[in-house]
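If you read the sequence shown in full-length UniProt numbering, its first letter stands for residue 1, the second for the next number, and so on. Just so it is clear, CB atoms sit at the ideal spot from N, CA and C, and this is done for glycine as well.
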Amino acid sequence: MRDGFVKVAAGTPKIRVADCRYNAEQIFTLMREAAAQGVRVLCLPELCLTGYTCGDLFLQDTLLSGAEEGLSTILEATKNLDMVTALGMPVRFNNKLYNCAAVIHKGEVQCLLPKTHLPNYGEFYEKRWFSAWEPGRFAGVRVGEVYVPITDRQIFAFDGIPDLVLGVELCEDLWAPEPPSAALARSGATLILNLSASDETVGKAGYRRSLVTGQSARLVCGYVYADAGEGESTTDLVFTGHNLIAENGTLLAERRFATGLTISEIDVARLAYERRRMTTFQLPAEQERCPSISLELEPSTTTLTRYVSPTPFVPEDAAGRAERCDEILKIAALGLKKRIEHTRAAAVVVGLSGGLDSTLAVLITAVAMRLLDRPASDIIAVTMPCFGTTDRTRDNAVELAGRLGATLKRIDISEAVKRHFKDIGQSMEDHDVTFENGQARERTQVLMDIANQVGGMVVGTGDLSELALGWATYNGDHMSMYGVNASIPKTLVRHLVSYVCGDKAESEPELSHVLADILDTPVSPELLPAVNGQISQKTEDLVGPYELHDFFLYYAIRWGFPPKKVLRLAEHAFGRTYDRATILRWEKTFYRRFFAQQFKRSCLPDGPKVGSVTLSPRGDWRMPSDAVASLWLDELEGLA
């Protein structure tokens with residue numbers, strides 16, 4: 001449970017209909033297997049102790065007594081297991097029969113939870129045998145030698161793990177208009193278990209999957225769905241053991257047409273953070289709160305098996321990536337379109353360097369112009385070579401402008417910068433920060449003045465990753481009249497340009513060719529003199545790999561994870577690419593720069609939000625410029 005991760009499982013035992021002795025053995029064997037694999041919370045199917053398809057046998061005392069004996073066998077066999085398990089069984093109470101989930105821990109039943117919504121349509125006839133529990137009713141029922149609570153809405157809290165709160169619902173409860181899980185989540189449940197016996201028909205799996213993932217997103221919770229499978233009667237139906245584990249809208253694990261365990265880890269700390277952040281996730285009135293039972297689970301380190309993407313901003317499947325890129329280009333272009341319309345700008349001025357960021361900015365600008373039904377010639381692309389500019393980047397900037405139909409201006413700023421250096425007494429041999437920033441500010445002045453000349457506006461090119469690290473010259477490339485890339489991280493910038501490159505491969509092969517060469521060019525501000533005509537200043541050699549910084553940005557800022565947890569996830573995601581010392585080195589750099597450079601983010605130009613992370617001081621991120629990074633950096637000390 002270190003870092004908030006709780007290993008959970010959905011299990012489908014192989015059963016025999018009405019053979020409670022056999023089923024009990026299969027269940028406790030599966031429970032022991034789960035515990036051996038580090039599972040702390042296990043969900044088993046609905047009525048798995050008897051089988052869901054017993055029909056009128058549910059009314060037989062022999063079957064019900066067999067289920068009770070089977071439960072006793074399970075409790076005795078698992079009394080040393082420090083794992084919470086929910087399993088399904090019929091329960092007799094006050095001359096009625098209830099379809100229940102039995103929540104057990106260390107050989108004891110903690111609570112019995114009756115199903116709230118009983119399906120009685122199509123292939124389902126549950127009301128023939130079972131009674132619906134009166135909502136809010138609380139009673140005690142004898143199990144063996146003790147009485148345990150039986151109630152419809154109960155949550156389970158865990159001493160020492162405050163972010164883990166468990167709730168349970170059964171199958172049809174999820175299909176109902178008002179699932180019990182909503183009340184459970186509002187009362188604090190971060191993990192919902194669903195004991196199900198959902199038969200398989202064509203197309204149903206997709207619907208089931210959408211219900212589970214959608215409910216986990218709506219309730220900001222982990223959701224474990226355990227389905228009945230092999231051994232259920234096939235007289236009229238087939239059950240495939242469709243087990244699902246989801247977290248806040250993301251499917252973590254899925255298994256179908258098999259018995260056994262489906263395992264993953266739920267990050268309950270992440271869920272708790274998101275609920276704190278969301279003001280619409282409100283607690284119920286005191287009289288509506290679900291009662292809570294406290295349990296103890298011995299804390300342990302959870303081995304991660306869930307997949308952690310090294311590129312959290314970029315979908316890994318080609319289709320999803322293409323869809324994301326197309327959507328972002330449209331969102332950013334619509335933002336710029338509105339600003340151009342509002343300002344009545346006669347032209348749009350973009351500084352074109354031949355690098356990725358300015359390339360993306362001019363591509364977005366071209367889309368905006370098409371939306372406005374204006375000619376591409378209203379885009380004034382300005383290339384401003386200076387001391388570090390290479391032939392490759394200059395030529396690519398010129399060709400890109402030409403292929404897009406933009407109006408190109410070539411302004412060599414070398415002499416202007418030299419004159420400025422002479423005025424302030426800056427040596428040309430001293431390649432310090434003044435040497436670099438003087439060029440960046442001169443470029444911004446040129447762009448602003450050209451915009452004034454033509455009655456236009458300057459479109460900024462800086463991206464989200466640069467803003468996070470402060471890798472921008474204050475009042476240089478930091479400033480514009482509208483920053484179209486402001487919420488697009490560097491890893492995504494590359495994929496957006498690549499998407500356009502591929503999209504234009506057949507219709508505009510020359511444009512595609514120049515985009516391909518820009519993608520192949522090292523990322524550089526080109527502010528230091530070239531060496532033998534080649535780029536001498538490579539950004540990632542100085543501040544670190546952008547793929548790492550984007551990873552840090554996503555988990556540290558979007559999810560508020562502490563530095564140690566970010567490090568652990570980075571090791572899990574990048575273990576084959578970077579060693580621990582390298583990841584730690586650049587993570588420290590990230591926190592140092594992120595805190596030190598907030599003053600640049602406090603006065604950013606307007607720009608469209610396109611994803612879940614943005615650093616606009618008017619939107620998602622408000623931070624004092626003089627905040628201190630000591631707590632975050634101290635947590636990383638001594639971890640190499």
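Going by the CB atoms, is the gap between residue j and residue i shorter than 7 Å?
{"i": "V484", "j": "L336", "result": "yes"}
{"i": "Q439", "j": "V417", "result": "yes"}
{"i": "T359", "j": "V459", "result": "no"}
{"i": "E247", "j": "I263", "result": "no"}
{"i": "K600", "j": "Y474", "result": "yes"}
{"i": "W586", "j": "L548", "result": "yes"}
{"i": "G249", "j": "A217", "result": "yes"}
{"i": "T12", "j": "G229", "result": "yes"}
{"i": "G456", "j": "V348", "result": "yes"}
{"i": "C357", "j": "T461", "result": "The amino acid occupying residue 357 in the given sequence is Asp; Cys does not appear at that position. Taking 7 Å as the Cβ cut-off, D357 and T461 qualify as a contacting pair."}
{"i": "V362", "j": "L371", "result": "no"}
{"i": "A406", "j": "A376", "result": "yes"}
{"i": "P315", "j": "R306", "result": "no"}
What number of angstroms, rounded off, separates the C-alpha of residue i from the C-alpha of residue j?
{"i": "A556", "j": "L64", "result": "52 Å"}
{"i": "A35", "j": "T78", "result": "10 Å"}
{"i": "E466", "j": "Y223", "result": "37 Å"}
{"i": "R374", "j": "S616", "result": "29 Å"}
{"i": "R392", "j": "I450", "result": "25 Å"}
{"i": "R16", "j": "L44", "result": "15 Å"}
{"i": "L604", "j": "R580", "result": "34 Å"}
{"i": "A189", "j": "L633", "result": "33 Å"}
{"i": "Y578", "j": "L271", "result": "28 Å"}
{"i": "L30", "j": "T73", "result": "14 Å"}
{"i": "A345", "j": "K338", "result": "11 Å"}
{"i": "E76", "j": "R256", "result": "30 Å"}
{"i": "P180", "j": "P608", "result": "39 Å"}
{"i": "D227", "j": "L47", "result": "10 Å"}
{"i": "P509", "j": "N396", "result": "14 Å"}
{"i": "L496", "j": "E323", "result": "11 Å"}
{"i": "F130", "j": "A101", "result": "14 Å"}
{"i": "L408", "j": "K490", "result": "26 Å"}
{"i": "F93", "j": "D19", "result": "22 Å"}
{"i": "M481", "j": "R2", "result": "46 Å"}
{"i": "G160", "j": "E296", "result": "8 Å"}
{"i": "A472", "j": "F594", "result": "12 Å"}
According to DSSP, simplified to helix, strand and coil, what is residue i?
{"i": "H478", "result": "coil"}
{"i": "P149", "result": "strand"}
{"i": "I424", "result": "helix"}
{"i": "N452", "result": "helix"}
{"i": "L567", "result": "helix"}
{"i": "G38", "result": "coil"}
{"i": "C171", "result": "coil"}
{"i": "Q534", "result": "strand"}
{"i": "H117", "result": "coil"}
{"i": "V268", "result": "helix"}
{"i": "A397", "result": "helix"}
{"i": "residue 706", "result": "Residue 706 lies beyond the residue range present for the chain, which begins at 1 and ends at 640; the question has no answer from this structure."}
{"i": "A24", "result": "helix"}
{"i": "E232", "result": "coil"}
{"i": "R32", "result": "helix"}
{"i": "L372", "result": "coil"}
{"i": "V459", "result": "strand"}
{"i": "L244", "result": "strand"}
Which stretch, first to last residue, makes up the alpha helix (DSSP H) that contains residue i?
{"i": "residue 642", "result": "The first residue shown for the chain is 1 and the last is 640, placing residue 642 beyond what the model contains."}
{"i": "F313", "result": "Premise fails: F313 is in no alpha helix (DSSP H) and is neither H nor E."}
{"i": "S187", "result": "Note, S187: premise wrong, no alpha helix (DSSP H); not H, not E."}
{"i": "D61", "result": "D61 to A77"}
{"i": "I518", "result": "P509 to L519"}
{"i": "H342", "result": "A318 to T343"}
What residue does the beta strand (DSSP E) around residue i start on, and which one ends it?
{"i": "T85", "result": "V84 to F93"}
{"i": "I583", "result": "Where I583 is concerned, there is no enclosing beta strand (DSSP E), although the alpha helix (DSSP H) it sits in stretches over R580 to A596."}
{"i": "T250", "result": "T250 to R255"}
{"i": "T383", "result": "I379 to T383"}
Can you find a CB in chain E that lies within less than 7 Å of the CB of residue i?
{"i": "V348", "result": "Going by chain labels, chain E is absent from the structure shown, which holds only one protein chain."}
Below 8 Å, how does it come out for the stretch 440-449 and the stretch 380-388: are there three or more Cβ pairs, yes or no? With a cut-off of 8 Å, the stretch 380-388 and the stretch 440-449 count as touching, because enough Cβ pairs lie within range.
Mind the definition here: the stretch 194-214 touches the stretch 238-253 only if three or more C-beta pairs lie below 8 Å; say whether that holds. Put simply, the stretch 194-214 touches the stretch 238-253. At least three CB pairs are less than 8 Å apart.
Measuring CB atoms only, is the stretch 566-573 touching the stretch 503-516, in the sense that at least three cross pairs come out at less than 8 Å? Remark: fewer than three beta-carbon pairs, one from each stretch, lie closer than 8 Å, so the stretch 566-573 and the stretch 503-516 are not flagged as touching.
Are the stretch 391-406 and the stretch 514-525 in contact at 8 Å, needing three or more beta carbon pairs? Yes: the two stretches touch, three or more of their Cβ pairs being nearer than 8 Å.
Does the stretch 74-94 touch the stretch 116-125, meaning 3 or more C-beta pairs lie closer than 8 Å? Contact between the stretch 116-125 and the stretch 74-94 is absent, because fewer than three Cβ pairs lie under 8 Å.
Could you say if the stretch 136-148 and the stretch 167-181 meet the contact criterion of at least three C-beta pairs nearer than 8 Å? The count of Cβ pairs closer than 8 Å, one atom from the stretch 136-148 and one from the stretch 167-181, stays below three, leaving the stretches out of contact.
Would you call the stretch 125-144 in contact with the stretch 200-217, where contact means no fewer than 3 C-beta pairs closer than 8 Å? No, the stretch 125-144 is not in contact with the stretch 200-217.
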